[in-house]
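Report on the following structure.
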Amino acid sequence: MFPLNAWYVIATADEVADSPLARTLCDIPMVLYRDSQGQIVCLQDYCPHRGAPLSLGRVNGDNLMCGYHGLEVGPDGKPAFMPKQRVERFPCVEAYQTIESGGYIFVWPGSDQPNVAQVPELPWNQPEWEFGGGSFHIQADFRLMIDNLMDLTHENYVHSSSIGQPEIDEQPVKTRRDGEWVVTERYMEAVEAPPFWKLAMQQHGLDTDQLVDRWQVCRFKAPSTIMIDVGVAPTGQGGINAPVEKKVHGIVTDFMTPETTSSHFYFWGMARSWSIGDNEVTQAIQRGQQKIFTEDLEVLERQQKSLERFPERKLLMLDIDAGGVQARRQLQAMVDAEHRG
Amino acid sequence: MFPLNAWYVIATADEVADSPLARTLCDIPMVLYRDSQGQIVCLQDYCPHRGAPLSLGRVNGDNLMCGYHGLEVGPDGKPAFMPKQRVERFPCVEAYQTIESGGYIFVWPGSDQPNVAQVPELPWNQPEWEFGGGSFHIQADFRLMIDNLMDLTHENYVHSSSIGQPEIDEQPVKTRRDGEWVVTERYMEAVEAPPFWKLAMQQHGLDTDQLVDRWQVCRFKAPSTIMIDVGVAPTGQGGINAPVEKKVHGIVTDFMTPETTSSHFYFWGMARSWSIGDNEVTQAIQRGQQKIFTEDLEVLERQQKSLERFPERKLLMLDIDAGGVQARRQLQAMVDAEHRG
Amino acid sequence: MFPLNAWYVIATADEVADSPLARTLCDIPMVLYRDSQGQIVCLQDYCPHRGAPLSLGRVNGDNLMCGYHGLEVGPDGKPAFMPKQRVERFPCVEAYQTIESGGYIFVWPGSDQPNVAQVPELPWNQPEWEFGGGSFHIQADFRLMIDNLMDLTHENYVHSSSIGQPEIDEQPVKTRRDGEWVVTERYMEAVEAPPFWKLAMQQHGLDTDQLVDRWQVCRFKAPSTIMIDVGVAPTGQGGINAPVEKKVHGIVTDFMTPETTSSHFYFWGMARSWSIGDNEVTQAIQRGQQKIFTEDLEVLERQQKSLERFPERKLLMLDIDAGGVQARRQLQAMVDAEHRG
Chain W
1 MFPLNAWYVI ATADEVADSP LARTLCDIPM VLYRDSQGQI VCLQDYCPHR
51 GAPLSLGRVN GDNLMCGYHG LEVGPDGKPA FMPKQRVERF PCVEAYQTIE
101 SGGYIFVWPG SDQPNVAQVP ELPWNQPEWE FGGGSFHIQA DFRLMIDNLM
151 DLTHENYVHS SSIGQPEIDE QPVKTRRDGE WVVTERYMEA VEAPPFWKLA
201 MQQHGLDTDQ LVDRWQVCRF KAPSTIMIDV GVAPTGQGGI NAPVEKKVHG
251 IVTDFMTPET TSSHFYFWGM ARSWSIGDNE VTQAIQRGQQ KIFTEDLEVL
301 ERQQKSLERF PERKLLMLDI DAGGVQARRQ LQAMVDAEHR G
Chain V
1 MFPLNAWYVI ATADEVADSP LARTLCDIPM VLYRDSQGQI VCLQDYCPHR
51 GAPLSLGRVN GDNLMCGYHG LEVGPDGKPA FMPKQRVERF PCVEAYQTIE
101 SGGYIFVWPG SDQPNVAQVP ELPWNQPEWE FGGGSFHIQA DFRLMIDNLM
151 DLTHENYVHS SSIGQPEIDE QPVKTRRDGE WVVTERYMEA VEAPPFWKLA
201 MQQHGLDTDQ LVDRWQVCRF KAPSTIMIDV GVAPTGQGGI NAPVEKKVHG
251 IVTDFMTPET TSSHFYFWGM ARSWSIGDNE VTQAIQRGQQ KIFTEDLEVL
301 ERQQKSLERF PERKLLMLDI DAGGVQARRQ LQAMVDAEHR G
Chain B
1 MFPLNAWYVI ATADEVADSP LARTLCDIPM VLYRDSQGQI VCLQDYCPHR
51 GAPLSLGRVN GDNLMCGYHG LEVGPDGKPA FMPKQRVERF PCVEAYQTIE
101 SGGYIFVWPG SDQPNVAQVP ELPWNQPEWE FGGGSFHIQA DFRLMIDNLM
151 DLTHENYVHS SSIGQPEIDE QPVKTRRDGE WVVTERYMEA VEAPPFWKLA
201 MQQHGLDTDQ LVDRWQVCRF KAPSTIMIDV GVAPTGQGGI NAPVEKKVHG
251 IVTDFMTPET TSSHFYFWGM ARSWSIGDNE VTQAIQRGQQ KIFTEDLEVL
301 ERQQKSLERF PERKLLMLDI DAGGVQARRQ LQAMVDAEHR G
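Residue numbers (my numbering), protein chains in the order written: chain W, 1 to 341; chain V, 1 to 341; chain B, 1 to 341.
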């Protein structure tokens, strides 16, 4: 159902502090905490003594202590201490490898050796970019969010008041492969900038009365990373290739983490190349994205219910759907490979 | 489970205005809207593109536009427009025939040719009658409401403070067939009028100190229409056949529309022959009926749960239950005929 | 699943007054009321006429009258009256024997002849004891509560701020059989009294600066009675055998009544031998117990969900778990005997 031998964002770094955090990833209940060095530990959320969730307990040095009868489990999942008990022969708790990077915590839920080289790169994790984000818990298959993000045609309908514009519909998308990435791109030339981008141009000192070239380059990498290069440049400056002072652009960062087959966590954010260090701009963009993604949330949750009502029906696969279709093929290939292995 | 080749009230006329209305009928998700001429359109609530519910969208002229990617569907269920797409070969959406009559919208959910002659007649839909009504969404099999209305013995127990009176129990009911109708009738002679009817007599200028003849004539027509002729006349005036100025009487109108096997919409109302044009009387009766039917609602929802707990048990079929028993037989005959067809 | 031929507490005596009380016991919907003499009657909550729950109705003398069509059922479950109907041949409602004792109502849900000798004795039901209690509705298998109470090691973790103390972990428990009872006992010598007991010593006029001997003797009798002898006495006075003026002790009384396989009613209380007649002390202890048992409630409900997620996993059975393990064996033996019979 989900590829398991892969990295998933399970939480933002600031969600895991003093007390254990319970979160289900790929149908596996997990608990996260920080050890005495601040390193993230991720264990299955199940005490081998009497089956209570370990997340009920508390952190004791490097160990997580069960809140029911005091069994302590170490960061490697081995029972480490229990008053008057010989814990050496107790069954172990499954421990999952974690990586903390760019404000996110990645977990590898599968049983294969985790491959650190596959942790998603965060190209904006550098001083010349500014980043802000948030997250949602959505009652819909994570693949519906992938479809959504790989076909921005929906902006005209779901987000008509903020980032939609008629030219989106008029300009066909192209879908192609770029190594491991599925890429869907749309370029609009000499159009009026929509409200979001007009404001960005103003913040960046560009004349908002000019027509612009606008681009949307959606890049998906299995199982759950989408980076969308978005931006506008006054027409004649080279579009996506314009010099940084002549364009406003950003990378919309999306991690869709399956919780169950019908729910996921959606970690979204936007890196930008303008108004660096301006926290007010960051917060305004966060509020705007939160509002926009709330519109998607309602659509996706209702689409999920609708699909569950008619599970046997086939969906149409138009040119605008090609990005999602190819992304799902990659996911299925990963799942198939795991089942063969 | 339900007869499908039949007319059902799906909504009141004033429920369908500018925005699409989602409603499930006989386990089929449907969406209703008015086209540019104000005609009611009813479609299956499922976009053939990506399965989103069409009710998320908005009306565009005669078409309903999906709120996700802009596919427009016409009143006949045929995809009519989508930017840059050839919609001619898209699968169609199921469209259902509708009739608007007497403030109600009737829909024919089945696949047989709709028979307009079978739309329930509304005998009170004329100037000499006054009408007011309302509706409830009830978590119980619609047949439990039919049982309820075809045996008014329950008035003494469920509605003891308003329309119940001991003579109801003392007077046996008779159940008979009248063409397509199942009729259950009870006549009480020379009894004291209960509070509801005393007030009506007063409004109609009748002496409330007199004893009255009271009648309840419940008429059921499959699958979901019940018309109950109710009234009182001072004893000696001919009872149900008394001249209109010597009696107060009405038609309690009930449409029970199955939503799922364990829930239904209940559209109720009362037409009356007194205080014509007096809106305050209409509203007072509406409030009274709403209160009375709320008592039924609680009983039916708890009866539903109780029956689900012991699905194998047989119910008793007493003389007072004969109306409901015969009504269910008619329903079953319709379902059987559809399955043979 | 549950032993049925046994007494269970279904309610406290003051819960059953003028109106019928609906409560499910061992997956059987039941209704309780008091007849004209104040005697408790317990029937299956299902009217044989149309399946409505009898608990919707009202008490009429010795009978319970269905709130839908007026069928009256007697305390023996026999239909007793219905207007214009011959009820002699109606099917009977299952009636369950009840005993009222010590403020509790016990019901025997099984089909074997009830054995009055097996009604749990309430040793504190005498003038030299003071009693106060309460109840919870808990979404967890009743056996999880038995495990909880037969292993007080959890006090150190779940109740660390009130009745926990490190010596609980340091002192091993012993589990033994005493006739029909499973007994788990722990004795701590020369320890500091925890806050709850310090207050009790003060109320009883004992010097709270002294070290104490503390005991916890948990006694389980199948299917659902636990009596825990708890207390402290200043060291050197004989511990549990100290004279009553030299110790503070009580009996924690617990009845765990299965509602379904994953929920139960928990009737808890505490009898004490000090501050007799002091209602303020009673209420303070009630509040304290309510707070403590609320901590258990959260653990048990989350443990239940966790066990449902991994139903195939075996739990560890340590020495501290022996009381619960033996209690479950007794329960299973009762169930097996019923299935053989």
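All residues carry an ideal CB built from backbone N, CA and C; glycine is no exception.
**Prompt:** Near W/G61, what residues of its chain come up, given a Cβ to Cβ distance below 7 Å and the 5 sequence neighbours on each side ignored?
**Reply:** Counting from one through the first sequence, the residue named residue 61 of chain W turns up at place 61. Only S36 meet the Cβ criterion.
**Prompt:** Is V/S111 close to chain B, meaning its C-beta is less than 8 Å from at least one C-beta of that chain?
**Reply:** As a first step, residue 111 of chain V is located in the second sequence; it is residue number 111 there, counting from the start. No, V/S111 lies away from the interface with chain B (no Cβ there is under 8 Å from its Cβ).
**Request:** Determine the chain V residues that contact B/L43 at a beta-carbon separation under 7 Å, and present them in chain order.
**Result:** The residue labelled residue 43 of chain B in the question sits at position 43 within the third sequence. Counting only Cβ-Cβ distances below 7 Å, B/L43 has no contacts in chain V at all, with the closest Cβ about 13 Å away.
**Prompt:** Between B/P83, B/D112, B/D319 and B/G102, which lies nearest to B/A95 when the distance is taken from Cα to Cα?
**Reply:** As a working mapping, residue 95 of chain B is identified with position 95 in the third sequence. Nearest option by C-alpha distance: B/D112.
**Item:** Beta-carbon neighbours of V/N172, restricted to chain B and to distances below 9 Å
**Value:** Taking the first residue of the second sequence as position 1, residue 172 of chain V is located at position 172. The sequence shown places Pro at residue 172 of chain V, rather than the Asn named in the question. Chain B residues near V/P172: K84.
**Prompt:** Counting contacts by CB-CB distance shorter than 8 Å, is V/F81 in contact with chain W?
**Reply:** Along the second sequence, one-based indexing puts residue 81 of chain V at 81. So no, V/F81 is outside the interface.
**Request:** Just the C-alpha distance for W/R278 and W/H249, rounded to the nearest angstrom, thanks.
**Result:** Mapped onto the first sequence, residue 278 of chain W falls at position 278. Mapped onto the first sequence, residue 249 of chain W falls at position 249. It is Asp, not Arg, that sits at residue 278 of chain W in the sequence shown. Distance between the alpha carbons of W/D278 and W/H249 is about 16 Å.
**Prompt:** Roughly how many whole angstroms lie between the Cα atoms of W/L211 and V/T260?
**Reply:** Against the first sequence, residue 211 of chain W aligns to sequence position 211. Against the second sequence, residue 260 of chain V aligns to sequence position 260. Spanning the two alpha carbons is a distance of roughly 54 Å.
**Request:** Could you tell me which residues DSSP pairs with W/G269 in its beta bridges?
**Result:** To locate residue 269 of chain W, count along the first sequence from 1; it is residue 269. Bridge partners of W/G269: W/G133 and W/T253.
**Message:** According to DSSP, simplified to helix, strand and coil, what is W/I163?
**Reply:** Walking along the first sequence from the start, residue 163 of chain W turns up at place 163. Here W/I163 sits in coil by DSSP.
**Asked** Which bits of chain B does W/P53 rub up against, with CB to CB less than 7 Å?
**Response** Reading the first sequence from its first residue, position 53 is the one you call residue 53 of chain W. Here the neighbours are R302 and S306.
**Asked** Using the C-alpha atoms, what's the distance from V/G134 back to V/G103?
**Response** Locating residue 103 of chain V in the second sequence gives position 103, counting from the first residue. Locating residue 134 of chain V in the second sequence gives position 134, counting from the first residue. V/G103 and V/G134: Cα-Cα distance of roughly 11 Å.
**Request:** Measuring alpha carbon to alpha carbon, tell me which of W/Q304, W/E100, W/Q203 and W/S55 ends up nearest W/D18.
**Result:** On the first sequence, position 18 is the one that residue 18 of chain W refers to. Out of W/Q304, W/E100, W/Q203 and W/S55, W/S55 has the C-alpha closest to the C-alpha of W/D18.
**Prompt:** Taking Cβ-Cβ distances shorter than 8 Å, what residues in chain C pair up with B/H69?
**Reply:** Protein chains in the displayed structure are W, V and B, and chain C is not among them.
**Request:** Establish whether the CB of V/F137 and some CB of chain W are separated by less than 8 Å.
**Result:** Residue mapping note: residue 137 of chain V aligns to position 137 of the second sequence, counting from 1. The sequence as given places His at residue 137 of chain V; Phe does not occur at that position. V/H137 does not count as touching chain W.
**Prompt:** Under 8 Å, do W/W274 and W/V232 count as touching if we go by C-beta distance?
**Reply:** Residue numbering aside, residue 274 of chain W sits at position 274 when the first sequence is read from its first letter. Residue numbering aside, residue 232 of chain W sits at position 232 when the first sequence is read from its first letter. The answer is no: Cβ separation not under 8 Å.
**Request:** Below 8 Å on the Cβ atoms is my guess for V/D319 versus V/V107; work out the distance and round it to an integer in Å.
**Result:** As a position in the second sequence, residue 319 of chain V is number 319, starting the count at 1. As a position in the second sequence, residue 107 of chain V is number 107, starting the count at 1. Their Cβ separation, rounded to whole angstroms, is 36 Å, which puts V/D319 and V/V107 out of contact at 8 Å.
**Request:** Leaving out five residues on either side along the sequence, give the residues of the same chain with a beta carbon under 7 Å from the beta carbon of W/W181.
**Result:** The count along the first sequence starts at 1 and reaches residue 181 of chain W at position 181. Correct list, in chain order: R219, F220 and K221.
**Request:** Can you tell me the Cβ-Cβ gap for B/T44 and B/V93, rounded? I've got them flagged as a contact below 8 Å.
**Result:** In the third sequence, residue 44 of chain B corresponds to position 44, counting from 1. In the third sequence, residue 93 of chain B corresponds to position 93, counting from 1. At residue 44 of chain B the sequence reads Gln, which differs from the Thr that was named. Going by Cβ atoms, the distance from B/Q44 to B/V93 rounds to 5 Å, so yes, they are a contact pair.
**Asked** Any idea if W/R272 is buried or exposed, counting beta-carbon neighbours within 10 angstroms, 16 or more meaning buried?
**Response** The residue given as residue 272 of chain W occupies position 272 in the first sequence. Its Cβ being crowded by 16 or more others within 10 Å, W/R272 is buried.
**Message:** What does the alpha-carbon distance come out to for the pair B/P127 and B/T282?
**Reply:** Residue mapping note: residue 127 of chain B aligns to position 127 of the third sequence, counting from 1. Residue mapping note: residue 282 of chain B aligns to position 282 of the third sequence, counting from 1. If you draw a straight line from the Cα of B/P127 to the Cα of B/T282, it comes to about 15 Å.
**Same chain, Cβ closer than 7 Å to W/V119, five either side skipped, listed in chain order** = Along the first sequence, read from residue 1 onward, the residue named residue 119 of chain W stands at position 119. For W/V119, where only same-chain residues beyond five positions count, the Cβ hits under 7 Å are W7, I99, S101 and F106.
**Asked** Assuming W/L316 contacts V/H49 under a Cβ cut-off of 8 Å, what Cβ separation, rounded to an integer in Å, is found between them?
**Response** What you label residue 316 of chain W is simply residue 316 of the first sequence in a count that begins at 1. What you label residue 49 of chain V is simply residue 49 of the second sequence in a count that begins at 1. Confirmed, Cβ separation roughly 5 Å.
**Request:** Starting from the C-beta of B/K246, find all residues in its chain whose C-beta is less than 6 Å away, skip the five residues before and the five after it, and write them out in chain order.
**Result:** By one-based count along the third sequence, residue 246 of chain B stands at place 246. Contacts found: A233 and Q237.
**Item:** Cβ pair count under 8 Å reaching 3, the stretch 182-190 of chain W against the stretch 149-159 of chain W
**Value:** yes
**Request:** Taking only the alpha-carbon atoms, compute the straight-line gap between W/P91 and B/D213 and give it to the nearest angstrom.
**Result:** The sequence position of residue 91 of chain W within the first sequence is 91, counting from 1. The sequence position of residue 213 of chain B within the third sequence is 213, counting from 1. Those two C-alpha atoms are separated by around 36 Å.
**Request:** Check each residue of the stretch 280-302 of chain V: if its Cβ is closer than 7 Å to any Cβ of chain B, include it; give the result in chain order.
**Result:** Within the stretch 280-302 of chain V, the qualifying residues are V299 and R302.
**Asked** Closer than 8 Å, CB to CB, is V/Y46 near chain W or not?
**Response** Working through the second sequence from its first residue, we reach residue 46 of chain V at position 46. Yes, because at least one Cβ of chain W sits closer than 8 Å to the Cβ of V/Y46.
**Message:** For the stretch 320-332 of chain W against the stretch 72-80 of chain V, do three or more pairs of beta-carbon atoms, one drawn from each stretch, fall closer than 8 Å, so that the two count as touching?
**Reply:** no
**Request:** In angstroms with no decimal places, state the Cα-to-Cα distance between W/L4 and W/G269.
**Result:** On the first sequence, position 4 is the one that residue 4 of chain W refers to. On the first sequence, position 269 is the one that residue 269 of chain W refers to. Roughly 24 Å separates the two Cα atoms.
**Request:** Could you have a look at W/Y46 and say whether DSSP puts it in helix, strand or coil?
**Result:** Locating residue 46 of chain W in the first sequence gives position 46, where the first residue counts as 1. DSSP places W/Y46 in coil when its eight states are reduced to three.
**Item:** Interface residues of chain B facing W/R50 [CB-CB closer than 8 Å]
**Value:** Position 50 of the first sequence, counting from 1, holds the residue named residue 50 of chain W. Here the neighbours are D147, Q303, L315, L316 and D321.
**Request:** Apply the 10 Å Cβ neighbour rule to V/S161 and answer buried if 16 or more other Cβ atoms are within range, or exposed otherwise.
**Result:** Against the second sequence, residue 161 of chain V aligns to sequence position 161. V/S161 comes out exposed.
**Request:** Look at the Cβ atom of B/D178, then the Cβ atom of W/P83, and state whether they are nearer than 8 Å.
**Result:** Locating residue 178 of chain B in the third sequence gives position 178, where the first residue counts as 1. Locating residue 83 of chain W in the first sequence gives position 83, where the first residue counts as 1. Not closer than 8 Å, so no.
**Prompt:** Can you find a CB in chain W that lies within less than 8 Å of the CB of V/F2?
**Reply:** Taking the first residue of the second sequence as 1, we reach residue 2 of chain V at position 2. No, its Cβ sits nowhere closer than 8 Å to a Cβ of chain W.
**Request:** Compare the beta carbon distance of B/V191 and B/Q165 with 8 Å and say whether it is the shorter of the two.
**Result:** Within the third sequence, residue 191 of chain B is the residue found at index 191, counting from 1. Within the third sequence, residue 165 of chain B is the residue found at index 165, counting from 1. Going by beta carbons, B/V191 and B/Q165 fall inside the 8 Å limit.
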